[in-house]
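Reading through the structure tokens given below for one structure.
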Amino acid sequence: MFEEEQAFAKQRNALISKRRELPVTQMEDSHHFEGPDGEVRLIDMFGGERQLLVYHFWFEPGEEPCQGCSAWTRDLGNLGGNFASLRENDTALTYVSRASANEIADVKRRRSWTMPWYSLIGDGFEEATGFDGWAQISIFLRDGNTVYLANVVPFDDLVNIGNHWTLLDRAPIGISKND
């Protein structure tokens, strides 16, 4: 069994390397979101980092948040609301939903969540990231003031993410040598 696990780890590492070689797609600067401090652009969500992970949290206006997305968020809580482990790897994590900024703020308050979470303005962002209505993570890379879509983690692969290492395995820069 140990040999099989070692072989699987080698295959996984090879896949991670291939993922980092994928071409990136330049994003338009027309995507806007609303947060607690007003309107922001996609590039603003990076907070100075080079990579941005955007979790598409299924939460429609006037409805309750998705139970699966809520569970995933709770389970990811071991990163802490400030996601320091990600920031140490030049990576920011934020959430986006279709619900209004006020609805999002209410859910965050009720659940004591502190992560950045924005309301989508328009539907161009979902189209640009291939969002199909299920939860996903869109991964972006910033080069100066230019933003690129680097990867998308689809719904059925989210179950394989449990900590900052498995998130960073899907990002183009990945894990720093210090981690």
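Numbering (this note's numbering), first residue to last: 1162 to 1340.
By construction, the Cβ of each residue, glycine as well, lies at the ideal position given by its N, Cα and C atoms.
Here the structure is a predicted model, which is why all the values come from computation and not from measurement.
**Item:** Same chain, Cβ closer than 6 Å to Gly-1208, neighbours up to 5 away in sequence not counted
**Value:** Mapped onto the sequence shown, residue 1208 falls at position 47. Only Ala-1253 meet the Cβ criterion.
**Request:** Would you be able to state if there are at least three C-beta pairs under 8 Å between the region 1265-1275 and the region 1183-1194?
**Result:** no
**Asked** Where do the N-terminal and C-terminal ends of the beta strand (DSSP E) with Phe-1218 fall, by residue?
**Response** Here residue 1218 refers to the residue found at position 57 when the sequence shown is read from its first residue. First-last for Phe-1218: undefined, no H or E at that position.
**Asked** Rounded to a whole number of angstroms, what is the C-alpha to C-alpha distance between Trp-1295 and Asp-1284?
**Response** Position 134 of the sequence shown, counted from the first residue, corresponds to residue 1295. Position 123 of the sequence shown, counted from the first residue, corresponds to residue 1284. If you take the alpha carbons of Trp-1295 and Asp-1284, they lie about 15 Å apart.
**Message:** Just to confirm, is the Cβ distance from Ile-1300 to Asn-1312 under 7 Å?
**Reply:** As a first step, residue 1300 is located in the sequence shown; it is residue number 139 there, counting from the start. As a first step, residue 1312 is located in the sequence shown; it is residue number 151 there, counting from the start. Contact: yes.
**Prompt:** Roughly how many angstroms separate the alpha carbons of Asp-1198 and Val-1320, rounded to a whole number?
**Reply:** Your numbering for residue 1198 matches position 37 in the sequence shown. Your numbering for residue 1320 matches position 159 in the sequence shown. Distance between the alpha carbons of Asp-1198 and Val-1320 is about 32 Å.
**Message:** Using the three-state DSSP reduction, which class does Asp-1304 fall into: helix, strand or coil?
**Reply:** The residue labelled residue 1304 in the question sits at position 143 within the sequence shown. In this structure, Asp-1304 counts as strand in the three-state DSSP scheme.
**Prompt:** Just to confirm, are His-1193 and Glu-1182 a CB contact at a threshold of 7 Å?
**Reply:** As a first step, residue 1193 is located in the sequence shown; it is residue number 32 there, counting from the start. As a first step, residue 1182 is located in the sequence shown; it is residue number 21 there, counting from the start. Their beta carbons are not under 7 Å apart, which means His-1193 does not touch Glu-1182 by this criterion.
**Request:** Specify, as a first and last residue, the run of the beta strand (DSSP E) that Trp-1278 falls within.
**Result:** As a working mapping, residue 1278 is identified with position 117 in the sequence shown. Where Trp-1278 is concerned, the enclosing beta strand (DSSP E) stretches over 1278-1282.
**Prompt:** Run through DSSP, which three-state label would Ser-1273 get?
**Reply:** Residue numbering aside, residue 1273 sits at position 112 when the sequence shown is read from its first letter. Coil.
**Asked** Would Asn-1341 be called buried (16 or more neighbouring beta carbons within 10 Å of its own) or exposed?
**Response** Lying outside 1162 to 1340, the shown extent of the chain, residue 1341 is not represented and no answer is given.
**Message:** Which residues does DSSP list as the beta-bridge partners of Arg-1202?
**Reply:** Here residue 1202 corresponds to residue number 41 of the sequence shown, with the count starting at 1. Paired residue(s): His-1193.
**Item:** Under the three-state DSSP convention, the category Val-1257 falls into
**Value:** Here residue 1257 is taken as the residue at index 96 of the sequence shown, counted from 1. Note: Val-1257 maps to strand in three-state DSSP.
**Item:** Residue range of the unbroken alpha helix (DSSP H) whose run includes Trp-1233
**Value:** Numbered from 1 along the sequence shown, position 72 holds the residue referred to as residue 1233. Looking at the DSSP string, the run of the alpha helix (DSSP H) that includes Trp-1233 is 1228-1236.
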